[in-house]
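Asker: In the numbering used here, the protein residues as written are 5 to 442.
Would you mind keeping the following structure in view while I ask a few things?
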Amino acid sequence: MNIYPSHVFLFLIGSLVFLRVSLIGVLTYSEIITMSYFVLNWKSILSYFKQDRMLRMVMLAWVAYLAMQMLSDMLNRSLIADYQRGWARLIFFALNIIVIAHVSRFKLDRMAAFFIGYVTSLFVATYTVQNEFLADWKFGYGPLLTMTAGLLIGFGRSRNTNRLGGVIFLCIGLIHLMSNARSLGGLTLFIGLLSLFAGYFHANLSSGSFLSARFLLPVLVSIFSIYQLYSFGAASGMLGEKTKDKFEKQTAGGRNVVSGGRMEYTIALPAIMESPVIGYGSWARNIEFVKRYIYINKMDPTTYDAEYLMELGTIPTHSHILGSWAEAGFMGGVFWLIVLWFAAVTFYRMLRHLEVPFRIFFLFTLAFFIWDIIFSPFGLERRIMDPAVIILIAALNLYFDGLAAEKAQPSIVDDMPENELDHIYPYDYDSQRSSTNP
């Protein structure tokens, strides 16, 4: 793979995610670069959007999302500081999508450069920055281990790489569970199992949709097996005393691991039901729902956590979908549902192909993204990482469309000029088809 300025630029954006500056609220250095790039190239950037239907749909949904956020802030009379940060967050989110799309040209090797930059940044930040967040295995060393392994495995081109990657990911997943990183461990084990049986998916998913039993049954069996493995290991103490204590607290009162680990849903869903169309404005401040959350979780109001929640005053959601819905009304939820649909379809399409470049890494990235949309907040880091994954989804679908076109009409594709092939087949290991356009 040749290295061009676009690879270096995307590597740079990915590598500066953890460097931040207080400007319009808090910005990453990556966002300062994307903002500068947009200002310098806005004409060619906007004209480029004619090339991808999925991205146009996502951006149209984003426009409606932003409009509803503005309307919600006006109707709820949000604080000036809140709506300024809320609008800026959405605007920078869109700018990041636009710039990454323009620089990457929806090519997988260029998107790989971005993620290599991100993993490099995570490595440097984890080992040099004195940060309690990154010191936690779940957010620092754990993701670094999984993503580094995924990238290294991804350089392999053999079909047997999928099985090897599956075994490695299963071992890493067990390490995560023993380190009390439940969601990270579960996702890593999940991708390990799917990679181990990559041949089954390749042979049985050549037709049909991702709602077919041939896809859903093994996926659900994998999820159920991982859930039972964790439950047994945590309850018996095999995964350590911290994991056992956490498991017992979260399953007390007949709750399961998922509901016990995401108690925010017990407040977020009723809050959304009370104002499903308009929402509560940027940062969704409503002290009554905070008090309910403290009461339901039987928190001592005098503790630091309870006092912090009261001071913050925002409805607990811990979810892209629920958080956006609570802030911007139904269009916030609809936006992330659309993105979730495309992510799920792309995940399914990846399982059908064995020789996708960086296959196991991209599978893990998509699985983690789907998890984040449902179960994780839309924080500062996600403003740059989510756009990168959205562009990755578009790039993967163009790659699969190129494979389908080549399979259906090989003679036409083989005779096609390189500058035309570049649009429908954005990545190819064959050096004869590598684009010379940086």
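All C-beta atoms in this analysis are idealised placements derived from N, C-alpha and C, irrespective of residue type, glycine included.
Looking at the secondary structure, which residues open and close the beta strand (DSSP E) in which residue 363 lies?
Answerer: Locating residue 363 in the sequence shown gives position 359, counting from the first residue. Careful: residue 363 lies outside any beta strand (DSSP E), inside the alpha helix (DSSP H) at 363-379.
Asker: How is residue 317 classed by DSSP in three states: helix, strand or coil?
Answerer: If you number the sequence shown from 1, residue 317 lands on position 313. Note: residue 317 maps to coil in three-state DSSP.
Asker: Quick one: Cα of residue 172 to Cα of residue 293, how far?
Answerer: One-based indexing of the sequence shown puts residue 172 at position 168. One-based indexing of the sequence shown puts residue 293 at position 289. The alpha-carbon atoms of residue 172 and residue 293 are separated by roughly 44 Å.
Asker: Given residue 291, which residues of its chain have a CB within under 8 Å of its CB, disregarding the five upstream and five downstream residues?
Answerer: Counted from its first residue, the sequence shown places residue 291 at position 287. Taken in chain order, the residues that qualify are 314, 317.
Asker: What do you get for residue 439, buried or exposed, if any count of 16 or more other CB atoms within 10 angstroms of its CB means buried?
Answerer: Position 435 of the sequence shown holds residue 439. For residue 439, the predicted model reports a pLDDT of 40, less than 50, meaning its position is unreliable; a value from the coordinates is still stated below. Buried.
Asker: Is the separation between the beta-carbon of residue 188 and that of residue 174 shorter than 8 Å?
Answerer: As a position in the sequence shown, residue 188 is number 184, starting the count at 1. As a position in the sequence shown, residue 174 is number 170, starting the count at 1. Going by C-beta atoms, residue 188 is not nearer than 8 Å to residue 174.
Asker: Taking buried to mean at least 16 other C-beta atoms within 10 Å of its own C-beta, is residue 166 buried or exposed?
Answerer: In the sequence shown, residue 166 corresponds to position 162, counting from 1. So residue 166 ends up on the buried side.
Asker: So, helix, strand or coil for residue 356, using DSSP?
Answerer: Along the sequence shown, one-based indexing puts residue 356 at 352. Coil.
Asker: Sort 253, 179, 31, 48 by Cα distance to residue 89 and report the nearest one.
Answerer: Here residue 89 refers to the residue found at position 85 when the sequence shown is read from its first residue. For residue 89, the nearest C-alpha among the options comes from 31.
Asker: Could you give the DSSP three-state label for residue 24: helix, strand or coil?
Answerer: On the sequence shown, position 20 is the one that residue 24 refers to. DSSP places residue 24 in strand when its eight states are reduced to three.
Asker: Determine the closest residue to residue 228 out of 238, 190, 343, 247, with distance taken between C-alpha atoms.
Answerer: As a first step, residue 228 is located in the sequence shown; it is residue number 224 there, counting from the start. Among 238, 190, 343, 247, the Cα nearest to that of residue 228 belongs to 190.
Asker: Since residue 445 contacts residue 364 with CB under 8 Å, what's their CB separation in whole angstroms?
Answerer: There is no way to answer for residue 445, as the model of the chain reaches only from 5 to 442.
Asker: Report the option in 334, 177, 366, 362 whose CA atom is closest to the CA atom of residue 68.
Answerer: Here residue 68 corresponds to residue number 64 of the sequence shown, with the count starting at 1. With distances taken between Cα atoms, residue 68 lies closest to 334.
Asker: Taking residue 48 as the reference, which of 109, 154, 21, 16 has the closest Cα?
Answerer: On the sequence shown, residue 48 is found 44 positions in, with the first residue counted as 1. Of the listed residues, the one whose Cα sits closest to residue 48 is 109.
Asker: Per DSSP, what kind of secondary structure is residue 32 in: helix, strand or coil?
Answerer: By 1-based counting over the sequence shown, the position of residue 32 is 28. If DSSP states are grouped into helix, strand and coil, residue 32 belongs with the strands.
Asker: Would you mind sorting residue 309 into buried or exposed? The rule is 16 or more other CB atoms within 10 Å of its CB.
Answerer: In the sequence shown, counting from the first residue as 1, residue 309 sits at position 305. When all chains shown are included, residue 309 counts as exposed.
Asker: Please report how far the alpha carbon of residue 159 lies from the alpha carbon of residue 93, in whole angstroms.
Answerer: One-based indexing of the sequence shown puts residue 159 at position 155. One-based indexing of the sequence shown puts residue 93 at position 89. Cα-Cα distance, rounded: 35 Å.
Asker: Comparing alpha-carbon positions, which option in 97, 241, 177, 381 lies nearest residue 330?
Answerer: What you label residue 330 is simply residue 326 of the sequence shown in a count that begins at 1. Among 97, 241, 177, 381, the Cα nearest to that of residue 330 is on 381.
Asker: Can you name, in chain order, every residue of its own chain whose Cβ lies under 8 Å from the Cβ of residue 148, other than the five neighbours on each side?
Answerer: As a working note, residue 148 is residue 144 in the sequence shown. Within the same chain, residue 148 has close Cβ partners 123, 126, 127, 130.
Asker: How far does the alpha helix (DSSP H) with residue 401 in it reach, from first residue to last?
Answerer: Walking along the sequence shown from the start, residue 401 turns up at place 397. It spans 386-412 - the alpha helix (DSSP H) in which residue 401 sits, taken as one unbroken run.
Asker: So what does DSSP say about residue 417, is it helix, strand or coil?
Answerer: Within the sequence shown, the letter at position 413 stands for residue 417. Legend: pLDDT at residue 417 = 47, less than 50; position of this residue unreliable, value from coordinates given subsequently. In this structure, residue 417 counts as helix in the three-state DSSP scheme.
Asker: Looking at residue 198 and residue 234, is the spacing between their C-beta atoms short of 8 Å?
Answerer: Against the sequence shown, residue 234 aligns to sequence position 230. Against the sequence shown, residue 198 aligns to sequence position 194. No, the pair does not count as a contact, with Cβ atoms beyond the cut-off.
Asker: In angstroms, rounded to a whole number, what distance separates the CA positions of residue 15 and residue 61?
Answerer: Taking the first residue of the sequence shown as position 1, residue 15 is located at position 11. Taking the first residue of the sequence shown as position 1, residue 61 is located at position 57. If you take the alpha carbons of residue 15 and residue 61, they lie about 27 Å apart.
Asker: Here's the rule: buried if 16 or more other CB atoms are within 10 angstroms of the residue's CB, otherwise exposed. What is residue 353?
Answerer: Position 349 of the sequence shown, counting from 1, holds the residue named residue 353. Flag for residue 353 reads buried.
Asker: Measure the beta-carbon distance from residue 153 to residue 179 and round it to whole angstroms, keeping in mind my assumption that it falls under 8 Å.
Answerer: For this step, residue 153 is matched to residue 149 along the sequence shown. For this step, residue 179 is matched to residue 175 along the sequence shown. Actually they are not in contact, since the Cβ atoms of residue 153 and residue 179 sit about 11 Å apart, beyond 8 Å.
Asker: What's the gap between the Cα of residue 376 and the Cα of residue 186?
Answerer: The residue given as residue 376 occupies position 372 in the sequence shown. The residue given as residue 186 occupies position 182 in the sequence shown. The straight-line gap from Cα to Cα measures roughly 14 Å.
Asker: So, with DSSP's three-state summary, where would you put residue 7?
Answerer: As a first step, residue 7 is located in the sequence shown; it is residue number 3 there, counting from the start. Coil.
Asker: Using 8 Å as the Cβ pair cut-off and three pairs as the minimum, do the segment 74-83 and the segment 269-288 touch?
Answerer: Judged by Cβ distances under 8 Å, the segment 74-83 makes contact with the segment 269-288, as three or more pairs qualify.
Asker: On the DSSP letters alone, give me the boundaries of the alpha helix (DSSP H) that residue 97 sits inside.
Answerer: The residue you call residue 97 lines up with position 93 of the sequence shown. It spans 84-108 - the alpha helix (DSSP H) in which residue 97 sits, taken as one unbroken run.
Asker: Going by alpha carbons, who is nearest to residue 355 out of 132, 218, 96?
Answerer: Within the sequence shown, the letter at position 351 stands for residue 355. Ranking the options by Cα distance to residue 355, first place goes to 218.
Asker: Quick one: give me the first and last residue of the alpha helix (DSSP H) that residue 329 is part of.
Answerer: Counting from 1 along the sequence shown, the entry for residue 329 is found at position 325. Where residue 329 is concerned, the enclosing alpha helix (DSSP H) stretches over 324-332.
Asker: Tell me which residue opens and which closes the alpha helix (DSSP H) that residue 80 is part of.
Answerer: Here the question's residue 80 lines up with position 76 in the sequence shown. Residue 80 -> alpha helix (DSSP H) spans 57-80.
Asker: Once you ignore the five residues that flank residue 100 on each side, which residues in its own chain have a CB closer than 7 Å to its CB?
Answerer: What you label residue 100 is simply residue 96 of the sequence shown in a count that begins at 1. Excluding residues within five positions, the ones whose Cβ falls inside 7 Å are 35, 38, 387, 388, 391.
Asker: Roughly how many angstroms lie between the CA atoms of residue 65 and residue 338, to the nearest whole one?
Answerer: Within the sequence shown, numbered from 1, the residue matching residue 65 stands at position 61. Within the sequence shown, numbered from 1, the residue matching residue 338 stands at position 334. For residue 65 and residue 338, the distance between alpha carbons rounds to 8 Å.
Asker: Which whole-angstrom value describes the C-beta separation of residue 184 and residue 244, a residue pair presumed to lie in contact below a C-beta threshold of 8 Å?
Answerer: Reading the sequence shown from its first residue, position 180 is the one you call residue 184. Reading the sequence shown from its first residue, position 240 is the one you call residue 244. So it is a contact: roughly 7 Å between Cβ atoms.
Asker: Roughly how many angstroms separate the alpha carbons of residue 141 and residue 202, rounded to a whole number?
Answerer: Locating residue 141 in the sequence shown gives position 137, where the first residue counts as 1. Locating residue 202 in the sequence shown gives position 198, where the first residue counts as 1. Their Cα atoms are separated by approximately 29 Å.
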